[in-house]
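Each number in this note's numbering corresponds to the 1-based position in the sequence shown with 2 added.
Glycine is no exception: its CB is placed at the ideal position from the N, C-alpha and C atoms.
What follows is a single structure, written as structure tokens, with notes after it.
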Amino acid sequence: MKILSIETSCDETSIAIVEFKGAKTNPAIEVKSHIITSQEKLHAKFGGVVPNLAKREHQLNLPPILLQSLKEAKLYNVKLKNCGPRMTPWSHRRGQVLREKSELQLKIQNLEKILEREPELLKIFKKYILPINPPKIDAIAVTRGPGLEPALWVGINFAKALGYLWKKPVIPVNHMEGHIFSALIEPKKSKFEVRGTKHRIINLKYPAIALLVSGGHTELVYFKKLGKYKIIGETLDDAAGESFDKVARLLGLGYPGGPIISRLADKRSDEKIKIVLPRPMIHSKNFDFSFSGLKTAVLYKLEELKKNYPLKEIRSAVAREFENAAVEVLVKKTTRAAFAYKVKTVIMGGGVSANKKLRKELKNALEKETPGVNFFASNSKLSGDNALIISLPAFVTCKKIPPDKITADGNLRLT
3 MKILSIETSC
13 DETSIAIVEF
23 KGAKTNPAIE
33 VKSHIITSQE
43 KLHAKFGGVV
53 PNLAKREHQL
63 NLPPILLQSL
73 KEAKLYNVKL
83 KNCGPRMTPW
93 SHRRGQVLRE
103 KSELQLKIQN
113 LEKILEREPE
123 LLKIFKKYIL
133 PINPPKIDAI
143 AVTRGPGLEP
153 ALWVGINFAK
163 ALGYLWKKPV
173 IPVNHMEGHI
183 FSALIEPKKS
193 KFEVRGTKHR
203 IINLKYPAIA
213 LLVSGGHTEL
223 VYFKKLGKYK
233 IIGETLDDAA
243 GESFDKVARL
253 LGLGYPGGPI
263 ISRLADKRSD
273 EKIKIVLPRP
283 MIHSKNFDFS
293 FSGLKTAVLY
303 KLEELKKNYP
313 LKEIRSAVAR
323 EFENAAVEVL
333 VKKTTRAAFA
343 YKVKTVIMGG
353 GVSANKKLRK
363 ELKNALEKET
373 PGVNFFASNS
383 KLSGDNALII
393 SLPAFVTCKK
403 IPPDKITADG
413 NLRLT
């Protein structure tokens, strides 16, 4: 089964074409193409993602990425104008031309309805995508949430337009389930690549929990099988990735804040500068998180320190203590949940899962406190938003539904 998947939940535009073989429990997957275009530089000057700007960029990015993906997967084929056999009577050929023209007009009318909210996308779609032959794929998968709804709608309507034009079913996918699957891709070679490569989905031992940490979400998810989930803990305010971004702004750094904070935390700082930040909710009996108070504590600490030091002299010390505090809370809550629920597997996915300190500390804590528990973290190349991880649940757990029933849901939850 070949699936073309589309991801536009935030500021990455991504399309993948993936072929699946074998049973859904442990399929072999071949990545025919996988392309990601980031809007990071565009949004950096605003200190965060601007939804309507992201929507515009997705409209401009999707068609060229699709064409490039089809070419990489050797599925690109332009229609040839059919003039009919030379000996066909003109009356017959004229009738065929009129029928084709009528069919084309009907297609354009329907595409205009589907893409009425995306005028830029419609214009490019008619010029570059309408003329190509339907590729040999079996389904189209698309992220329907959670995320920024203006951005989500672009991907959804693009998928609907392709599904209509090519007569292919559309499969809606929960973006957070994609992050769970991102940790389950097992490379057949030691060097991990995400284009033109073959992999397998890891066979999990259950029950399992997943720590999903990204710019918009921080949650602990319990499951006894893929496709059936229960959120046992989540942030009550800011997500972990969001707090990294906000602290980076307080320190006068760029966007996104996570990688910058981590690099800065590794640098040496003045040993005279002593900083201790709180570990919010680390001792609470539940598995919920809170990061807004940690950000506020950084704000107050900076105001105090700047009375005696220039900002550039305290940045690395503040970054290090903030990272230590955030990681400590994430690790403590996850290991406690693993012990309480007697799980056999712990998974970590989402953009913040690329943080080296978090990966190391969680692995060490699980080995110490829950020996025998398997730990899988998404490869850093797949920790962010991308279409490859959307194709995986589309094949394994998700169902095709009528396109008119597919809507964007910015607050979609795992169930």
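For Ala210, the enclosing beta strand (DSSP E) stretches over residues 210 to 215. Here Val80 carries a strand assignment [DSSP, helix/strand/coil].
The DSSP-derived three-state label of Leu222 is strand.
The region 288 to 297 makes contact with the region 235 to 242; the number of CB pairs closer than 8 Å reaches 3 or more.
The C-alpha of Ser35 is placed about 39 Å away from the C-alpha of Lys344. Under the three-state reduction of DSSP output, Lys169 falls in the coil class, being neither helix nor strand. Residue range 313 to 342 is occupied by the alpha helix (DSSP H) that includes Thr337. In this structure Arg270 is exposed. Its beta-carbon is surrounded by fewer than 16 other beta-carbon atoms within 10 angstroms.
Ser7 sits close to Ala389, with the two beta carbons spaced by under 9 Å. With a cutoff of 9 Å on beta-carbon distance, Leu252 and Leu304 are scored as near each other.
Closest in C-alpha terms to Phe341, from the list Glu323, Glu363, Pro373, comes Pro373.
Pairing Gln111 with Thr409, the inter-Cα distance amounts to about 21 Å. Within a 10 Å sphere around the beta-carbon of Arg119 sit fewer than 16 other beta-carbons, which makes this residue exposed. Scanning its chain for C-beta atoms nearer than 7 Å, with the 5 sequence neighbours on each side dropped, one finds around Tyr231 the residues Val223, Phe225, Leu416, Thr417, in chain order.
The C-beta separation of Gly180 from Ile392 comes to about 5 Å, placing the pair in contact by the 8 Å criterion. Put simply, the backbone Cα of Gln70 is about 10 Å away from that of Leu64. Residue Ile158 holds the alpha-carbon nearest to the alpha-carbon of Leu117 among Ile158, Glu151, Gly229. Taking a 10 Å sphere around the C-beta of His177, we find 16 or more other C-beta atoms and assign the residue as buried.
Of all C-beta pairs linking the region 365 to 380 to the region 392 to 408, fewer than three are shorter than 8 Å, placing the two stretches out of contact. Selection Leu113, Lys57, Lys170 evaluated against Leu154 yields Lys57 as nearest (Cα-Cα). Residue pairing of Thr145 in beta bridges, as defined by DSSP: Val175.
Within the region 226 to 307, the runs of beta strand (DSSP E) that reach at least 3 residues and sit entirely inside it are, in chain order, 230 to 236.
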